[in-house]
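Read the structure below first, then the notes.
Protein chains: 2
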Amino acid sequence: MTRHEIIFQIKKKKSFLCIGLDTDIEKIPQHLLELEDPIFEFNKQIIDATKDLCVAYKPNIAFYESRGFKGWESLQKTLAYIPNDIFTIADAKRGDIGNTSKMYARAFFENMSFDSVTVAPYMGSDSVTPFLKFKDKWAIVLALTSNKGGLDFQKIEDKYGKKLFEQVLETSKQWGSDENMMYVVGATRAEELLEIRAIVPNHFLLVPGVGAQGGSLKDVAKYGLNSDCGLLVNSSRGIIYTGNDVDFAQKAGIEAKKLQQEMAVILSEAGL
Amino acid sequence: MTRHEIIFQIKKKKSFLCIGLDTDIEKIPQHLLELEDPIFEFNKQIIDATKDLCVAYKPNIAFYESRGFKGWESLQKTLAYIPNDIFTIADAKRGDIGNTSKMYARAFFENMSFDSVTVAPYMGSDSVTPFLKFKDKWAIVLALTSNKGGLDFQKIEDKYGKKLFEQVLETSKQWGSDENMMYVVGATRAEELLEIRAIVPNHFLLVPGVGAQGGSLKDVAKYGLNSDCGLLVNSSRGIIYTGNDVDFAQKAGIEAKKLQQEMAVILSEAGL
Numbered sequence: 001m002t003r004h005e006i007i008f009q010i011k012k013k014k015s016f017l018c019i020g021l022d023t024d025i026e027k028i029p030q031h032l033l034e035l036e037d038p039i040f041e042f043n044k045q046i047i048d049a050t051k052d053l054c055v056a057y058k059p060n061i062a063f064y065e066s067r068g069f070k071g072w073e074s075l076q077k078t079l080a081y082i083p084n085d086i087f088t089i090a091d092a093k094r095g096d097i098g099n100t101s102k103m104y105a106r107a108f109f110e111n112m113s114f115d116s117v118t119v120a121p122y123m124g125s126d127s128v129t130p131f132l133k134f135k136d137k138w139a140i141v142l143a144l145t146s147n148k149g150g151l152d153f154q155k156i157e158d159k160y161g162k163k164l165f166e167q168v169l170e171t172s173k174q175w176g177s178d179e180n181m182m183y184v185v186g187a188t189r190a191e192e193l194l195e196i197r198a199i200v201p202n203h204f205l206l207v208p209g210v211g212a213q214g215g216s217l218k219d220v221a222k223y224g225l226n227s228d229c230g231l232l233v234n235s236s237r238g239i240i241y242t243g244n245d246v247d248f249a250q251k252a253g254i255e256a257k258k259l260q261q262e263m264a265v266i267l268s269e270a271g272l
Numbered sequence: 001m002t003r004h005e006i007i008f009q010i011k012k013k014k015s016f017l018c019i020g021l022d023t024d025i026e027k028i029p030q031h032l033l034e035l036e037d038p039i040f041e042f043n044k045q046i047i048d049a050t051k052d053l054c055v056a057y058k059p060n061i062a063f064y065e066s067r068g069f070k071g072w073e074s075l076q077k078t079l080a081y082i083p084n085d086i087f088t089i090a091d092a093k094r095g096d097i098g099n100t101s102k103m104y105a106r107a108f109f110e111n112m113s114f115d116s117v118t119v120a121p122y123m124g125s126d127s128v129t130p131f132l133k134f135k136d137k138w139a140i141v142l143a144l145t146s147n148k149g150g151l152d153f154q155k156i157e158d159k160y161g162k163k164l165f166e167q168v169l170e171t172s173k174q175w176g177s178d179e180n181m182m183y184v185v186g187a188t189r190a191e192e193l194l195e196i197r198a199i200v201p202n203h204f205l206l207v208p209g210v211g212a213q214g215g216s217l218k219d220v221a222k223y224g225l226n227s228d229c230g231l232l233v234n235s236s237r238g239i240i241y242t243g244n245d246v247d248f249a250q251k252a253g254i255e256a257k258k259l260q261q262e263m264a265v266i267l268s269e270a271g272l
């Protein structure tokens, strides 16, 4: 999917919501477990209930991989079920030497037909560039993550006071463009979006961690929005696990709608 | 597999060789392509020809993942075929937030039965520690990699002159012990093993990139060997793609034997 199409969908749906499909067999409603493929059934109903409210779905690959063949089958079926006008993100955090990253790119872009893959930057350029060689496909590089361990290395400063995540942004943005690269930026530190926007004003940012807990979406938009929107804000558990009964998808739809409506206001106020 | 067992096998086989199963359908001998599972057939014959010469096999997960279901099936069969007294490494370079890393750990340790997984450190403690919670299983953390892009970030110095890979070693060694953690250390910079050994004297190091090109094994041993050996030296393409005809496995065996014999001399000289 092209940048142009992503922006078109954001404006059309008045939403920059990404829904994370972290589908866990231990967390989905009991009644689905009797079905042949409970994981796919869960995703299918979530997609039916939310597809008009979001512009991206982000399956968390670990949750499928941990179930072996069955998991990969559920993932393939989910991917096939997602409407073509919705951006798909394989949240896989891959990254290896060149010839190996090329294989991962093939896995997600050719064998499956994801639009994008999340990629870890530790191994540098040749771990990321193989993902940039596919037409209309994207690498979404980890810059700043909001987990506890994100502090261990990402904010280490060099002798000029430049933090590691800033180095990652500055160096890696030269490998591609805002037409084939995005960045993962943790949402618990909304002010840092200012620093990030100073380095990558045009790139789309994938912001995880804005959920039912709410509150930070406005801050994220305040500091992160650019003239093309430039944001995909993800919620996973805050949407998909709102309910735990036969009406789980309906409840997920209600949560997604709340976020979409907030986003519509934000976009409107920004003249988008 | 325990540290004790790994050391026992190294002494018994007079080898610290790890063979990388980077099995690529485009590189294996033509005659295998007629078989039902060419990737597994290739691996099977390589294992038959080398199992007495190495102490570890390291399937490169990307090569299997890129082939979808078929690839995962080839991987499962390969893993089942590897003798129990040989250490297995899922070269997967995974790493994500805690609950997701836990899923990856399950994928490789429970769904499959690998002894270890390679893990990327960028997301910090909670991306690695879930791999340390499984008895007799190992996380092998990327420290210094020998690919071109390894220079992009891993050697950035902080204001005290400490390089990122040194920070990764110092911080991460506190998350586990030399009984459940190893480190990936690129072999093109053998002298840097001195710096690394100053930080992690006891941990096993997985050293990739010593192959048919040869020459550096002695240097790696000179700077990296400790009193328990403490090294697993990997060769992938330099062994498995030596031949490209019906005798490919025999030729792989000859290359493996050369490395094993060099290792036997090194171990003997070190009194191991």
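Residue numbers (my numbering), protein chains in the order written: chain A, 1 to 272; chain B, 1 to 272. Beta carbons: idealized from backbone N, C-alpha and C, even for Gly.
- Message: Cutting at 8 Å between CB atoms, please list the residues of its own chain near GLN213 (chain B), excluding the five before and the five after it.
- Response: Counted from its first residue, the second sequence places residue 213 (chain B) at position 213. Confidence in GLN213 (chain B) is poor, its pLDDT being 47 and thus under 50, which makes the residue's placement unreliable; the coordinate value appears in the next sentence. Contacts found: GLY238.
- Message: Here's a check: name, in chain order, each residue in its chain whose Cβ is nearer than 8 Å to the Cβ of ASP52 (chain A), leaving out the five neighbours to either side.
- Response: For this step, residue 52 (chain A) is matched to residue 52 along the first sequence. The residues are LYS13.
- Any C-beta of chain A under 8 Å from that of LEU21 (chain B): The residue given as residue 21 (chain B) occupies position 21 in the second sequence. Chain A contact via Cβ: absent.
- Round the Cβ separation of SER116 (chain A) and ILE140 (chain A) to the nearest angstrom and send it over; I've been treating them as touching at under 8 Å. The count along the first sequence starts at 1 and reaches residue 116 (chain A) at position 116. The count along the first sequence starts at 1 and reaches residue 140 (chain A) at position 140. Correct: roughly 5 Å between the Cβ atoms.
- Item | Beta-carbon proximity list for TYR241 (chain B), same chain, < 7 Å, skipping 5 on both sides | Translated into positions along the second sequence, residue 241 (chain B) becomes position 241. Leaving aside the five residues that flank TYR241 (chain B) on each side, the residues in its chain whose CB is nearer than 7 Å to its CB run, in chain order, LYS27.
- Message: Could you tell me the alpha carbon to alpha carbon distance between PRO59 (chain B) and ILE25 (chain A), rounded to whole angstroms?
- Response: Working through the second sequence from its first residue, we reach residue 59 (chain B) at position 59. Working through the first sequence from its first residue, we reach residue 25 (chain A) at position 25. If you take the alpha carbons of PRO59 (chain B) and ILE25 (chain A), they lie about 28 Å apart.
- Query: Is ALA80 (chain B) helix, strand or coil when you go by DSSP?
  - Reply: Taking the second sequence and counting its residues from 1, the one referred to as residue 80 (chain B) is at position 80. In the structure shown, ALA80 (chain B) adopts helical secondary structure according to DSSP, grouped into three states.
- Message: Quick check: is the beta carbon of CYS18 (chain B) nearer than 8 Å to any beta carbon in chain A?
- Response: Mapped onto the second sequence, residue 18 (chain B) falls at position 18. Not closer than 8 Å to any Cβ of chain A, the Cβ of CYS18 (chain B) fails to qualify, so no.
- Message: Less than 8 Å between the C-beta atoms of LEU274 (chain B) and PHE165 (chain B), yes or no?
- Response: What is shown of chain B runs 1 to 272, which leaves residue 274 (chain B) out entirely.
- Under 8 Å between C-beta atoms, does GLU192 (chain B) make it to chain A? Translated into the one-based positions of the second sequence, residue 192 (chain B) becomes position 192. Output row for GLU192 (chain B): interface = no.
- May I ask you to verify whether the stretch 36-47 of chain B touches the stretch 72-81 of chain B, counting CB pairs closer than 8 Å and requiring at least 3? Segments in contact, yes.
- Query: How big is the Cα-Cα spacing for ALA92 (chain A) and LEU217 (chain B)?
  - Reply: Within the first sequence, residue 92 (chain A) is the residue found at index 92, counting from 1. Within the second sequence, residue 217 (chain B) is the residue found at index 217, counting from 1. C-alpha separation (whole angstroms): 34 Å.
- Query: With 8 Å set as the bound, which would you pick, yes or no: does the beta-carbon of ALA212 (chain B) sit closer than that to a beta-carbon of chain A?
  - Reply: Numbered from 1 along the second sequence, position 212 holds the residue referred to as residue 212 (chain B). Note that ALA212 (chain B) scores 48 on pLDDT, short of 50, meaning its location in the model is unreliable; the coordinates nonetheless yield the value given after this. Answer no: the Cβ-Cβ gap between ALA212 (chain B) and chain A never drops below 8 Å.
- Item | Below-8 Å beta-carbon distance, ALA49 (chain B) vs any chain A residue | Locating residue 49 (chain B) in the second sequence gives position 49, counting from the first residue. No, no contact with chain A.
- Task: Label SER127 (chain A) either buried or exposed according to how many other C-beta atoms from any shown protein chain fall within 10 Å of its C-beta, with 16 as the threshold for buried.
- Result: Indexing the first sequence from 1 puts residue 127 (chain A) at position 127. For SER127 (chain A), the number of other beta carbons within 10 angstroms of its own is at least 16, and it is reported as buried.
- Note down, in chain order, every chain A residue with its Cβ under 7 Å from the Cβ of ASP96 (chain B). Your numbering for residue 96 (chain B) matches position 96 in the second sequence. Per Cβ cutoff of 7 Å: ALA62 and LYS93.
- Query: For GLY214 (chain A), does the three-state DSSP call read helix, strand or coil?
  - Reply: The residue labelled residue 214 (chain A) in the question sits at position 214 within the first sequence. Below a pLDDT of 50, predicted positions are generally treated as unreliable, and GLY214 (chain A), at 48, falls in that range; the measurement from the model is reported next regardless. GLY214 (chain A) falls in the coil class under three-state DSSP.
- Query: Ordered along the chain, which non-local residues of its own chain (more than five positions away) have a Cβ less than 8 Å from that of ARG3 (chain B)?
  - Reply: Within the second sequence, residue 3 (chain B) is the residue found at index 3, counting from 1. Annotation for ARG3 (chain B): ASP178, GLU179, PHE204 and ASP228 place their beta carbon closer than 8 Å to its own, counting only its chain and skipping 5 residues before and after.
- Contact list for TYR81 (chain B) against chain A, beta-carbon separation under 7 Å: The sequence position of residue 81 (chain B) within the second sequence is 81, counting from 1. Residues of chain A whose Cβ lies closer than 7 Å to the Cβ of TYR81 (chain B) do not exist, since the nearest Cβ in that chain is about 17 Å away.
- So is VAL168 (chain A) in contact with chain B if we call contact Cβ pairs under 8 Å? As a first step, residue 168 (chain A) is located in the first sequence; it is residue number 168 there, counting from the start. Taking Cβ atoms only, chain B reaches closer than 8 Å to VAL168 (chain A), which makes this a yes.
- Enumerate, from N- to C-terminal direction, the unbroken beta strand (DSSP E) stretches of 3 or more residues contained entirely within the stretch 76-162 of chain B. Complete beta strand (DSSP E) runs here, min 3: 87-94, 116-119 and 138-144.
- Message: Does PRO59 (chain A) come out as helix, strand or coil in the three-state DSSP assignment?
- Response: Numbered from its first residue, the first sequence carries residue 59 (chain A) at position 59. Strand.
- Query: So which residues on chain B does ASP152 (chain A) lean against when the C-beta distance must stay under 7 Å?
  - Reply: In the first sequence, residue 152 (chain A) corresponds to position 152, counting from 1. By Cβ distance, chain B contributes GLY124, SER125 and THR171.
- Since I believe GLY209 (chain A) is in contact with ASN186 (chain A) (beta carbons under 8 Å), could you give me their beta-carbon distance rounded to a whole number of angstroms? Position 186 of the first sequence, counted from the start, is the residue given in the question as residue 186 (chain A). Position 209 of the first sequence, counted from the start, is the residue given in the question as residue 209 (chain A). Residue identity check: residue 186 (chain A) is Gly in the sequence provided, not Asn. That pair is a contact at about 6 Å.
- Query: Any beta-carbon of chain A closer than 8 Å to the one on ASP158 (chain B)?
  - Reply: Within the second sequence, numbered from 1, the residue matching residue 158 (chain B) stands at position 158. So, interface residue.
- Item | Under 8 Å between C-beta atoms of LEU231 (chain B) and PHE8 (chain B) | Within the second sequence, the letter at position 231 stands for residue 231 (chain B). Within the second sequence, the letter at position 8 stands for residue 8 (chain B). Not a contact, by the Cβ cut-off of 8 Å.
- Item | C-alpha gap between PRO29 (chain A) and PHE248 (chain A), whole angstroms | In the first sequence, the residue the question calls residue 29 (chain A) occupies position 29. In the first sequence, the residue the question calls residue 248 (chain A) occupies position 248. Spanning the two alpha carbons is a distance of roughly 8 Å.
- Query: Between the stretch 128-148 of chain B and chain A, which residues of the former have a C-beta closer than 7 Å to a C-beta of the latter?
  - Reply: When CB distances to chain A are screened at a threshold of 7 Å, the residues of the stretch 128-148 of chain B falling below it are LEU142, THR145, ASN147 and LYS148, in chain order.
- Message: Between LEU272 (chain B) and LYS11 (chain B), how many whole angstroms is the CB-CB distance? I'm expecting something under 8 Å.
- Response: Position 272 of the second sequence, counted from the start, is the residue given in the question as residue 272 (chain B). Position 11 of the second sequence, counted from the start, is the residue given in the question as residue 11 (chain B). Right, their Cβ atoms sit about 6 Å apart.
- Message: Quick check on the burial criterion: 16 or more other C-beta atoms within 10 angstroms. Buried or exposed for LYS135 (chain B)?
- Response: In the second sequence, counting from the first residue as 1, residue 135 (chain B) sits at position 135. It is exposed - the Cβ of LYS135 (chain B) has fewer than 16 other Cβ atoms within 10 Å.
- Message: On the criterion of 16 or more Cβ atoms from any shown chain inside 10 Å, does TYR160 (chain B) qualify as buried, or is it exposed?
- Response: Here the question's residue 160 (chain B) lines up with position 160 in the second sequence. Counting Cβ neighbours within 10 Å, TYR160 (chain B) comes out exposed, since fewer than 16 surround it.
- Message: Assuming the contact rule is C-beta atoms closer than 8 Å, PHE87 (chain A) and ALA105 (chain A) should be a hit. Round their C-beta distance to whole Å, please.
- Response: Position 87 of the first sequence, counting from 1, holds the residue named residue 87 (chain A). Position 105 of the first sequence, counting from 1, holds the residue named residue 105 (chain A). That pair is no contact at about 17 Å.
- Neighbouring residues, chain A, relative to GLU36 (chain B) (Cβ below 8 Å): Here residue 36 (chain B) refers to the residue found at position 36 when the second sequence is read from its first residue. Correct list: empty, because the minimum Cβ distance to chain A is about 17 Å.
- Could you check if SER268 (chain B) is buried or exposed, using at least 16 other CB atoms within 10 Å of its CB as the buried criterion? Locating residue 268 (chain B) in the second sequence gives position 268, counting from the first residue. Result: exposed.
- Residue range of the alpha helix (DSSP H) that VAL168 (chain B) falls in? Indexing the second sequence from 1 puts residue 168 (chain B) at position 168. Per DSSP, VAL168 (chain B) belongs to the alpha helix (DSSP H) from 164-172.
- Taking the continuous alpha helix (DSSP H) assigned at LEU193 (chain B), which residues delimit it? For the purposes of this step, residue 193 (chain B) is taken as residue 193 along the second sequence, with counting starting at 1. Counting along the chain, the alpha helix (DSSP H) containing LEU193 (chain B) begins and ends at 192-199.
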